[in-house]
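Numbering (the numbering used here), first residue to last: 11 to 75.
Worksheet: one structure, shown below.
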């Protein structure tokens with residue numbers, strides 16, 4: 011399952027800093043999610059969804075949506 015944070019940020023023309031301010035997550039945490047070097051918790055994914063104003067399922071690429 012892939013996390014689509016980079017694609018969403020590109021579509022909304024957002025920087026890591028802007029997403030950090032919108033979500034309350036650190037820039038390093040966001041960068042790790044983008045680089046796929048971390049497995050974020052559901053709480054983190056919820057914070058991303060709320061901050062980016064998307065549904066939480068929109069953050070995932072999966073055949074089982």
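We treat Cβ as the ideally placed atom computed from N, Cα and C, and that holds for glycine.
Residue i in three-state terms, based on DSSP
{"i": "residue 42", "result": "helix"}
{"i": "residue 12", "result": "strand"}
Backbone CA spacing between residue i and residue j [nearest angstrom]
{"i": "residue 55", "j": "residue 66", "result": "7 Å"}
{"i": "residue 53", "j": "residue 32", "result": "15 Å"}
{"i": "residue 51", "j": "residue 13", "result": "12 Å"}
{"i": "residue 28", "j": "residue 11", "result": "25 Å"}
Exposure of residue i, with buried meaning 16 or more beta-carbon neighbours within 10 Å
{"i": "residue 40", "result": "buried"}
{"i": "residue 58", "result": "buried"}
Beta-carbon separation (whole angstroms), residue i vs residue j, contact threshold 8 Å
{"i": "residue 15", "j": "residue 60", "result": "Residue 15 to residue 60, Cβ: 14 Å. No contact."}
{"i": "residue 37", "j": "residue 62", "result": "With 8 Å as the limit, residue 37 and residue 62 do not qualify as a contact, their Cβ atoms being about 15 Å apart."}
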